[in-house]
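Everything on this sheet refers to the single structure shown next.
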Amino acid sequence: MHDFSFHENTLHAEKVSLRNLADEHGTPLFVYSANTIRDHYRRLDEALAPLDHEIAFAVKANSNIHILSLLGEQGASFDIVSGGELFRVVKAGGDPAKCTFAGVGKTREEIEYALELGIHAFNVESEAELQFINQVASEMGKIAPVSIRVNPNVDAKTHKYISTGKAENKFGIDFERIPEVYENAENLSNILLKGLQMHIGSQLTSHQPFLDAVTKVAPLAAELKQTHGIEFFSIGGGIGIVYDPALESGSEDWWDSFEPDQRPLTAAAYAEAIVPILKPLGLKILLEPGRFIVGNAGVMLTRCLYEKKGSAKTFKIVDAGMNDLIRPALYQGYHEIVPVQQSGPRSTIKTDVVGPVCETGDFFCQDRSLPDFQEGELLALMSAGAYGAVMGSTYNSRPLPAEILVDGAEAKVIRKRQTFEDLIAQEL
Ligand code: LLP
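In this note's numbering, the protein residues as written are 106 to 533.
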């Protein structure tokens, strides 16, 4: 499912050697494969062909303007959550009219900016927000197109920090209240009701929670089409990817070896589950995938600085830290760690791969059996294309890494590495 593979014992992104990229641009370094991004977009688009659908890329997963522009060229719309993301889409040549603006805490400035540019719709997350958008729109003499986010109270069976569709989560409005909220919205003169939206969580690895949510909410969407003339139903994002190589796609037998409800999720399996329920609605279906499109399309390169054999553990200390890729520290996220140079058979070692940041949580794996790589060796942390660079910080005054986009044999710097001067540039 991705274009990172070994040629002559060196890991490549498409036709470009990752070793050469690291030598030229330094580490840590994010490298993306354009072909993988296009391929994932196309797979999802094709799987959903039976529906009148639109794929709105969740910009939060990877907001580099070159990635956004690549997806815009494929025909993607954009799911944004801030004024900054809207700014990025516009800079990437994207059309504001293809942006839906989500998030529980939109500010006046952000609402004004979005109304000024003319976005597709706001995904409204509370009644207070609906009132406020109406007020701002009225002051500007504009009509605000909205969809309301329903919280379907369905268990997404994912990490608790990225589960969003339960009643105790801060997102959306309770399922039972939705008809009344639409009713009341009809009295708001500067609101135009255009759709219904939901999103139950991220990194879902089975189709079942999607099926549960769609089954529960589709009748509501049908009712709102009747009563309020809504045009679209956005079913959110959340399609999970395979992070663990033990689960990596192999033969048909491999796939069949899983119980049907345990099989890793594919675009086809996702579509097969939900299309029969959505098709009869006759509504436009919007999707907001982030990770599925870019997750496996990126790696983070890092170099091993030191090995430290303690009394309890062996640590491999690398030059990337939790500030560069926070997923392991924050969600116990798993990223496969691969030496970029294959050398003959090597022994394995049980080790913690850790960064230079002064936090005990600064690790990429703990007690994992890995090929015994050495000081100076280059490593790839796989599947770092989503929620990688975008969640980076300069904690410990570590400059943000560079980002490279590979397309075939071409490699383009799409973000320069920060300098020490960049670190303090705003502090004058
Ligand atoms: N739509 C909404 C309303 C969302 O909140 C999200 C993700 C998405 C779409 C896209 O979800 P995706 O298709 O990428 O799963 N930083 C975490 C993930 C946070 C997801 C936040 N919302 C991680 O690294 O796992």
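Yeah, the Cβ is synthetic: ideal placement off N, Cα and C, and Gly gets one too.
Taking 6 Å as the line, does the beta carbon of Ile253 fall inside it for any heavy atom of the ligand LLP? In terms of side-chain proximity, the C-beta atom of Ile253 is found no nearer than 6 Å to any non-hydrogen atom of the ligand LLP.
Buried or exposed for Lys421, please, with buried defined as at least 16 other CB atoms from any protein chain shown within 10 angstroms of its CB. If you draw a 10 Å sphere on the C-beta of Lys421, you find 16 or more other C-beta atoms in it, and that means buried.
CA-to-CA distance, Ser243 to Gln313, given in whole angstroms: Gln313 and Ser243 have their C-alpha atoms roughly 42 Å apart.
In angstroms, rounded to a whole number, what distance separates the CA positions of Ser268 and Phe109? So the two alpha carbons sit approximately 30 Å from each other.
Does DSSP put Tyr348 in a helix, a strand or coil? Reduced to three states, the DSSP call for Tyr348 is coil.
Specify the secondary structure class of Pro476 as computed by DSSP and reduced to three states. If DSSP states are grouped into helix, strand and coil, Pro476 belongs with the strands.
Meets three-Cβ-pair contact criterion under 8 Å: the region 127-147 and the region 431-439: Pairwise C-beta distances place the region 127-147 out of contact with the region 431-439, as fewer than three of them are shorter than 8 Å.
Indicate, with yes or no, if the ligand LLP has a heavy atom lying under 6 Å from the CB of His304. Yes.
Which residues in the same chain as Ser182 place their Cβ atom closer than 6 Å to its Cβ, once the five residues preceding and following it in sequence are excluded? For Ser182, same chain residues with a beta-carbon under 6 Å away, outside a window of 5 residues either side, are Glu159, Ala161, Lys203 in chain order.
State yes or no: is the beta carbon of Arg503 nearer than 7 Å to at least one beta carbon in chain D? You won't find chain D in this structure, because it holds only one protein chain.
Please give me, in chain order, every unbroken run of the beta strand (DSSP E) with length at least 3 that falls completely inside the region 169-193. For the region 169-193, whole beta strand (DSSP E) runs of length 3 or above, ordered along the chain, are 182-185.
Going by DSSP, what residue range makes up the alpha helix (DSSP H) through Ala261? For Ala261, no alpha helix (DSSP H) segment is defined, and its DSSP state is neither H nor E.
Short check: CB of Ala326 to CB of Leu386, under 7 Å? Against a cut-off of 7 Å, the Cβ pair of Leu386 and Ala326 comes out as a contact.
Cβ of Pro257 within 6 Å of any heavy atom in the ligand LLP? No, since every heavy atom of the ligand LLP falls outside the 6 Å radius drawn around the Cβ of Pro257.
Is the beta carbon of Phe469 less than 7 Å from the beta carbon of Val458? Yes, Cβ-Cβ distance for Phe469 and Val458 is below 7 Å.
Using a threshold of 6 Å, is the CB atom of Ile142 nearer than that to any non-hydrogen atom of the ligand LLP? False, no ligand heavy atom lies under 6 Å from that Cβ.
Rounded to a whole number of angstroms, what is the C-alpha to C-alpha distance between Pro270 and Ile398? Looking at the sequence provided, one finds Gly at residue 270 rather than Pro. Roughly 22 Å separates the two Cα atoms.
Mind listing which residues have their beta carbon within less than 5 Å of any non-hydrogen atom of the ligand LLP? Chain order is fine. Qualifying residues, in the order they occur: Ala163, Ala166, Ala207, Ile267, His304, Ser307, Gly341, Gly342, Gly343, Glu393, Pro394, Gly395, Arg396, Arg432, Tyr492.
Which of the three DSSP states is assigned to Leu149 in this structure? For Leu149, the secondary structure class from DSSP, reduced to helix, strand or coil, is helix.
Hey, Lys165 and Val186 are a contact pair by Cβ (cut 8 Å); roughly how many whole angstroms apart? Distance from Lys165 to Val186 at the Cβ level is roughly 6 Å; contact confirmed, criterion being Cβ atoms closer than 8 Å.
Classify Ala154 as helix, strand or coil using the three-state DSSP reduction. Note: Ala154 maps to coil in three-state DSSP.
Roughly how many whole angstroms lie between the Cα atoms of Leu134 and Met487? Straight-line Cα distance between these residues: approximately 12 Å.
I need the straight-line Cα distance from Glu217 to Lys196, nearest angstrom please. Between Glu217 and Lys196, the C-alpha separation is close to 18 Å.
Please report the straight-line C-alpha distance between Ala507 and Pro444, rounded to a whole angstrom. When rounded, the distance between both Cα atoms is 20 Å.
For Tyr375, count the other beta carbons within 10 Å of its own beta carbon; 16 or more makes it buried, fewer makes it exposed. Which is it? The residue is buried, with at least 16 neighbouring Cβ atoms inside 10 Å.
Rounded to whole angstroms, what is the Cα-Cα separation between Phe519 and Gly341? Here residue 519 turns out to be Ile, not Phe, going by the sequence shown. Roughly 28 Å separates the two Cα atoms.
Thr115: beta carbon under 6 Å from a heavy atom of the ligand SAM? By its list of ligands, the structure shown excludes the ligand SAM, since it contains just the ligand LLP.
If we ignore side chains and look at the alpha-carbon of each, how far apart do Met245 and Glu214 end up? Spanning the two alpha carbons is a distance of roughly 12 Å.
With respect to the beta strand (DSSP E) encompassing Glu515, which residues constitute its N-terminal and C-terminal limits? Start and end: 515-520.
Which whole-angstrom value is the C-beta distance of Ala323 and Ile305, which I expect to be below 8 Å? The Cβ separation is near 14 Å, so there is no contact.
For Glu412, the residue or residues it bridges with in DSSP: As computed with DSSP, Glu412 is found in a beta bridge with Lys421.
Restricting to Cα atoms, I'd like to know which of Leu175, Lys455, Ile382, Ala207 is closest to Asp477. The candidate whose alpha carbon is nearest that of Asp477 is Lys455.
What residue ranges within the region 284-356 form continuous beta strand (DSSP E) runs of no fewer than 3 residues, ordered along the chain? The region 284-356 contains these whole beta strand (DSSP E) runs: 296-302, 337-339.
Under the rule that 16 or more other beta-carbon atoms within 10 Å means buried, what is Arg451, buried or exposed? A residue is called buried when at least 16 other Cβ atoms come within 10 angstroms of its Cβ; Arg451 does not meet this threshold and is exposed.
Span of the beta strand (DSSP E), counted from its first residue to its last, around Ser110: Residues 109-112.
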